[in-house]
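S.K.: Keeping their order, the protein sequence lines are chains B and L.
Heads up: the first sequence is residues 98 to 310, going by our numbering.
Heads up: the second sequence is residues 98 to 310, going by our numbering.
Here a beta-carbon is modelled for each residue, glycine too, at the ideal position from N, C-alpha and C.
Keep in mind that this is a model prediction, so the values were computed, not measured.
Shown below is the structure under consideration.
Protein chains: 2
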Amino acid sequence: MPTASAGPRRRADAERSIARIVSAARTALSGDPDASVDDIAKAAGVGRMTLYGHFRTRAELVEAALADAMRAGEEALSSVDLAGDAREALARLLESSWSLVAESVALSIAAQKALPAGRLRELHAAPARRVEELIARGQDQGVFRTDLPVSWLVNVLHYILKGAAEENRAGRVETGEVGRLVIATARSILAVPPPDATPGHPDVSAGAEVSGP
Amino acid sequence: MPTASAGPRRRADAERSIARIVSAARTALSGDPDASVDDIAKAAGVGRMTLYGHFRTRAELVEAALADAMRAGEEALSSVDLAGDAREALARLLESSWSLVAESVALSIAAQKALPAGRLRELHAAPARRVEELIARGQDQGVFRTDLPVSWLVNVLHYILKGAAEENRAGRVETGEVGRLVIATARSILAVPPPDATPGHPDVSAGAEVSGP
DNA sequence: AGTAACACGTACATCCCTGTACGAGTTAGA
DNA sequence: TCTAACTCGTACAGGGATGTACGTGTTACT
Chain B
98 MPTASAGPRR RADAERSIAR IVSAARTALS GDPDASVDDI AKAAGVGRMT LYGHFRTRAE
158 LVEAALADAM RAGEEALSSV DLAGDAREAL ARLLESSWSL VAESVALSIA AQKALPAGRL
218 RELHAAPARR VEELIARGQD QGVFRTDLPV SWLVNVLHYI LKGAAEENRA GRVETGEVGR
278 LVIATARSIL AVPPPDATPG HPDVSAGAEV SGP
Chain L
98 MPTASAGPRR RADAERSIAR IVSAARTALS GDPDASVDDI AKAAGVGRMT LYGHFRTRAE
158 LVEAALADAM RAGEEALSSV DLAGDAREAL ARLLESSWSL VAESVALSIA AQKALPAGRL
218 RELHAAPARR VEELIARGQD QGVFRTDLPV SWLVNVLHYI LKGAAEENRA GRVETGEVGR
278 LVIATARSIL AVPPPDATPG HPDVSAGAEV SGP
């Protein structure tokens, strides 16, 4: 893994090549999880053999791309102020990082095919926990719903981000609009639902006492 | 396309084989869009050559599987009473057909790789319009939001259904729970948002504490 | 300036999947 | 029962992707 670990000594141009390859892999794989190594090399502007000189297998390349995307995501997330009202914090977080998170989600599809199962969950653990904690805090503040499992809520957010990125790439949603759509949708999903009765279901959750009627 | 069109004359066992192949293709492809023809034949309990005897190309097989899933979805959808309150109608619709719609969405990924682009949209047009009409009716009734484009809402529903099916398959959500989760989430997304906070405005009601600490 | 690291191409072996060809055994239906 | 339809295996050609091998330029760092 020539990416982050301190290789004993590498020349500057090698460093540059690796950076371009990883960047190309991120964009290519997030667009098409089955993008070939050759495609990625071409997109990076290097020969396929140069790529194989730095990444011995496709799996190594995919892992490097995913790790780099996650690192970028972590960086973006950690620069967001998560204090104060959880709803506003979530809005700030989504506005500034929806594209990165969506990219990570898309990349993880490629990773699922090339990496052992455990390795993927391992890489996803930290960022996922971050979002979970924010949601949990919102629940403690009473501004987020508690009638649905947190894992489900996190997952729905992931899927929405992925959908938003795809709609954006397909040209059906302007880039400037994505943030608003995602935030409005996420806000609705996480908001405490009105005590409105659910008519179809006699057996309703009844597990959530948020604000007494 | 030996599926639905009235073939002039086919023997009963051929009919049975085709049915098993299409069924196997539906489950296999919705789980893995890249499932090979051989995998599908094995899952159907027939030889690969038998399969090729009925479907000349992989594309034909994928299209038949998708068409069959869409047909089943249409059937399920058309048996749902869509009259009355749009929210309750949507709940009924989701409860009785979330798995089918999720399967169709998953299958369309396989179709995207094997079918010409136009063919896919053509197959998706009718069911998508159905959901769009229901949402539009809810908007007319004043029970669904109008601040987000309908196409976005439909898309988000698709992604949530797909996510729910995947969570279910991964064993993280019980089958009996999926309906409730999907309905609760969809309801929140489509509900008219409270005039509470406008995401674009920095001037949010300063003391917006919902329930005291 | 010299040396080791790097870029890069061509060629090759391998694997997997698709689709075709031939042929023999088996079953449905008149 | 007799025939056409169906099943199903093996074998083969083609394409695409992954890795490997070898060789020649080119560039960075000392």
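What residue range does the alpha helix (DSSP H) around threonine 272/B cover?
M.R.: Here residue 272/B refers to the residue found at position 175 of the first sequence. Its alpha helix (DSSP H) spans residues 272 to 287.
S.K.: Less than 8 Å between the C-beta atoms of glutamate 229/L and valine 251/L, yes or no?
M.R.: Working through the second sequence from its first residue, we reach residue 229/L at position 132. Working through the second sequence from its first residue, we reach residue 251/L at position 154. Cβ atoms of glutamate 229/L and valine 251/L: closer than 8 Å.
S.K.: If we cut at 8 Å on Cβ distances, does proline 290/B have a partner in chain L?
M.R.: Counting from one through the first sequence, the residue named residue 290/B turns up at place 193. For proline 290/B, the answer is yes, since a Cβ of chain L falls inside 8 Å of its Cβ.
S.K.: Taking only beta-carbon atoms, is lysine 259/B less than 8 Å away from chain L?
M.R.: In the first sequence, residue 259/B corresponds to position 162, counting from 1. Lysine 259/B counts as touching chain L.
S.K.: Distance check for histidine 221/B and glutamate 264/L, CA to CA, integer angstroms please.
M.R.: Your numbering for residue 264/L matches position 167 in the second sequence. Your numbering for residue 221/B matches position 124 in the first sequence. Cα to Cα, the separation comes out at about 16 Å.
S.K.: Cα separation between arginine 123/B and serine 114/B?
M.R.: In the first sequence, residue 123/B corresponds to position 26, counting from 1. In the first sequence, residue 114/B corresponds to position 17, counting from 1. So the alpha carbons of these two residues sit roughly 14 Å apart.
S.K.: Within 8 Å (strictly less), CB to CB, does glutamate 112/L reach chain B?
M.R.: By one-based count along the second sequence, residue 112/L stands at place 15. So no, glutamate 112/L is outside the interface.
S.K.: For glutamate 264/B, decide whether its Cβ has a neighbour in chain L, counting only Cβ atoms nearer than 8 Å.
M.R.: The residue given as residue 264/B occupies position 167 in the first sequence. It does; some Cβ of chain L falls within 8 Å.
S.K.: Taking a contact to mean a Cβ-Cβ separation below 8 Å, would you say leucine 197/L touches glycine 170/L in this structure?
M.R.: As a first step, residue 197/L must be located in the second sequence, where it is residue number 100. As a first step, residue 170/L must be located in the second sequence, where it is residue number 73. Yes, Cβ-Cβ distance for leucine 197/L and glycine 170/L is below 8 Å.
S.K.: Going along the chain, which residues of its own chain have a beta-carbon closer than 7 Å to the beta-carbon of methionine 167/B, five neighbours each way excluded?
M.R.: Locating residue 167/B in the first sequence gives position 70, where the first residue counts as 1. Contacts found: Ser201, Leu220, Pro224.
S.K.: Alpha carbon to alpha carbon, what distance is there between leucine 231/B and aspartate 178/B?
M.R.: Within the first sequence, numbered from 1, the residue matching residue 178/B stands at position 81. Within the first sequence, numbered from 1, the residue matching residue 231/B stands at position 134. Taking the straight line joining both Cα atoms gives about 11 Å.
S.K.: Just to make sure I have the definition right: I need the residues of chain B whose C-beta is within less than 7 Å of the C-beta of serine 285/L. Which are they?
M.R.: The residue labelled residue 285/L in the question sits at position 188 within the second sequence. In chain order: Ser285, Ile286, Ala288, Pro290.
S.K.: Since tyrosine 256/B meets chain L, which of its residues come closer than 8 Å, beta carbon to beta carbon?
M.R.: Position 159 of the first sequence holds residue 256/B. Correct list: Tyr256, Ile257, Lys259, Gly260.
S.K.: Give me, in chain order, the residues of the same chain whose beta-carbon lies closer than 6 Å to that of valine 275/B; leave out the 5 immediate sequence neighbours on both sides.
M.R.: One-based indexing of the first sequence puts residue 275/B at position 178. Taken in chain order, the residues that qualify are Ala261, Asn265.
S.K.: Skipping 5 residues on each side, what residues in its chain have a beta carbon closer than 6 Å to that of alanine 121/L?
M.R.: Within the second sequence, residue 121/L is the residue found at index 24, counting from 1. Excluding positions up to five away in sequence, the list reads Ile137, Ala140, Ala141.
S.K.: Which word fits glutamine 209/L, buried or exposed, when buried means at least 16 other C-beta atoms lie within 10 angstroms of its C-beta?
M.R.: Locating residue 209/L in the second sequence gives position 112, counting from the first residue. Glutamine 209/L comes out exposed.
S.K.: Could you name the residues of chain L that aspartate 136/B contacts, counting a contact when the two beta carbons are closer than 8 Å?
M.R.: Here residue 136/B corresponds to residue number 39 of the first sequence, with the count starting at 1. Those do not exist, as aspartate 136/B stays about 15 Å from chain L at its closest Cβ, beyond 8 Å.
S.K.: Looking at the C-beta of alanine 303/B, does it have a partner C-beta in chain L at a distance below 8 Å?
M.R.: Counted from its first residue, the first sequence places residue 303/B at position 206. With a pLDDT of 40 at alanine 303/B, under the threshold of 50, the modelled position of that residue is not reliable, and the figure given next carries that caveat. No, no contact with chain L.
S.K.: How would you label glutamate 271/L, buried or exposed, when you count the other beta carbons within 10 angstroms and need 16 or more for buried?
M.R.: Position 174 of the second sequence, counted from the first residue, corresponds to residue 271/L. That one is exposed.
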